[in-house]
Amino acid sequence: MQKEGITQEVNKYVAARNACKLCAPLGASMVFKGIEGCIPMIHGSQGCATYIRRYLISHYKEPMDIASSNFSEETTIYGGNKNFINGINNIRKQYAPTVMGIASTCLSETIGEDIPSLIAEYKELNANDKDMPLFVHASTPSYNGTHMDGFHEAVLAAVRTLSVEDKREKRINLFSGFISPADIRLLKEVMNDFHIDYTLFPDYSASMDNPCWKDYHLIPEGGTSISDLQKTGCAMASIELGTVLNKGSLSEMVLNKATVTSAGEWLQKNYYIENHAMVMPIGIEATDRLMSTLSTITDNAIPGKYTLQRGRLVDAYIDGHKYVFGKKAVVYGEEDLVIALSLFLAEIGIEPIIVASGGESKLMRKELMKYNAEAFENTQVLSGADFETIRELSHELKPDIIIGNSKGYYIARELKIPIVRVGFPIHDRIGGPRIKHLLYEGTQNLFDLIVNSLLDYKQEHSPVGYKYM
Ligand code: SF4
């Protein structure tokens, strides 16, 4: 059996060569964009905020206001408290946010900035201020985790800061992970169809996918409301989409050896709210699992419309099977997304020969084997991978298709094979935020995209060409 890890080739290099991961405060910024009335502020140098804004704009094609405390040489030596206070004052004057999401950077963490103390100092200096915003702080040094660690760290930080334990209500917490705005809308539709009150967090389905405005909106509409975040403390259950989540190193550092690594686990440990962590619902089996969990928690039958969607998906699997069966795929991206996509590929008869992520939980193989040991016995599972390693191994193993974000395009181009773009970032196409990946509907979309990409390739490379299949 293959062991999870990086291949020998990568061991020749000390540095990552085109990392298959992004920066931790970027993940935290996404979460802050999913809180109603919130402005993210990066405590560190201007370049970190610019990098994050550039990445998010290229994918979401939306205006992206992310503030920075703008470290200089002097701040780096003497500390950033003056910049922190000035920054907060400027942001409040300009945006009047109800929440400020503060994420640290490599630099501010390295010089030991104590952000909780800076927040306390700010509040003390403005003790009589009746409009004081709420503060959520996530510790996100990028040398200690990926954008996904930053994302889940911010989810955990928001829940720890804002949840209020109260009498149990018939409601569910849904921690949906780093998914597309279109997927968030699909999940909300499911929750409404199950007739259950819920807190979906983070909800950037509106703030990162705006309609066309006549006038500029300093803080776009949408986001999980503070009251819904407070109610996470009185839900009857939590559902987390993903099983790796924040099992990188950030959480361990913040909570100092506590076993709690995610918001769902924290609520379970502190308020005894049952937590259901599950593989992201891509494919029939994973979506069935979510549907049946919702049905059990709510005591409601699965709505008929989903039974129909499932039936149509099974029918599509049958129609497309002969075009996908036995094909070999490379899958890369965030660990939880990659696990869900790989299980879906195995479900439709595609062999994932390389499964790679820049995440370093080293849990991917274990998770894959748990659900389908036979399919992943010979798979190369790469943790902490960079794109050069994926490229070199792809040349060796000769896949038929590549599935992942835009950053792997050059590998597909070199190998002259199709790429199906999923996840984040997609910066060489439009429509990234509108890609549906989840549930029966999203799976149907992915299945059609994959089959048609393979057909397109076959048609283009056929010596005679054809118009009918
Ligand atoms: S990796 Fe560190 S230094 Fe680079 S942009 Fe991210 S936080 Fe800033």
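Add 2 to the 1-based position in the sequence shown for my numbering, that's all there is to it.
The C-beta atom is built at its ideal place from N, Cα and C for all residues, glycine as well.
query: Any chain C beta carbon closer than 7 Å to H149; result: Reference to chain C is not applicable here, since this structure consists of a single protein chain.
query: Own chain residues within Cβ distance below 8 Å of H197, not counting five before or after; result: T300 and N302
query: Pair within 7 Å by beta-carbon distance, A140 and A156; result: yes
query: A232 versus G29: straight-line alpha-carbon distance, rounded; result: According to the sequence displayed, residue 232 carries Gln and not Ala. Going from the Cα of Q232 to the Cα of G29 covers about 22 Å.
query: Length of the line joining the Cα atoms of L269 and D458; result: 48 Å
query: Y62 Cβ short of 6 Å to ligand 1 heavy atom set; result: no
query: Coil, strand or helix - E177 by DSSP; result: The residue you asked about is not Glu; residue 177 is Phe in the sequence shown. It is a strand residue.
query: 7 Å Cβ cutoff met for Y57 and P435; result: no
query: Bridge partners - I403, DSSP secondary structure assignment; result: A331
query: Close Cβ partners of D211 (< 8 Å) along its chain, the five nearest in sequence each way excluded; result: Y62, E64, P183, A184, P435 and R436
query: Three CB pairs or more closer than 8 Å across the region 304–319 and the region 371–388; result: no
query: Contact between the region 329–339 and the region 397–414 (3+ Cβ pairs under 8 Å); result: yes
query: Range of the contiguous alpha helix (DSSP H) that encloses S297; result: I286 to T300
query: Around ligand 1, Cβ to any heavy atom closer than 5 Å, ordered along the chain; result: C25, C50, Y53, T107, C108 and S144
query: CA-to-CA distance, F153 to R1, given in whole angstroms; result: Outside the shown range of the chain, which is 3 to 471, sits residue 1, and nothing can be said about it.
query: Residue range of the alpha helix (DSSP H) that includes F86; result: N83 to Y97
query: Counted within 10 angstroms of its Cβ, other Cβ atoms place V166 as buried (16 or more) or exposed; result: exposed
query: 4-residue-minimum alpha helix (DSSP H) runs that sit fully inside the region 129–184, ordered along the chain; result: 149–164
query: Run of the alpha helix (DSSP H) containing R431, from where it starts to where it stops; result: Looking at the DSSP string, R431 is not in any alpha helix (DSSP H), and its letter there is neither H nor E.
query: Alpha-carbon to alpha-carbon, G81 and V192; result: 48 Å
query: The region 280–299 in contact with the region 408–415 per 3-pair CB rule at 8 Å; result: no
query: Whole-Å CB distance - L456 paired with P420, under 8 Å assumed; result: 7 Å
query: Per-residue DSSP class, three states only, for H278; result: strand
query: Closer than 6 Å: G36 CB and nearest ligand 2 heavy atom; result: Questions concerning ligand 2 fall outside what the structure shown contains, since the ligands it does hold are ligand 1.
query: I41 beta carbon less than 7 Å from that of I54; result: no
query: CB of T142 within 7 Å of CB of A26, strictly; result: yes
query: Of the residues H439, K418, E443 and V422, the one placed nearest H463, counting alpha carbons only; result: K418
query: Complete alpha helix (DSSP H) runs within the region 179–246 (minimum length 4 residues, chain order); result: 183–195 and 228–232
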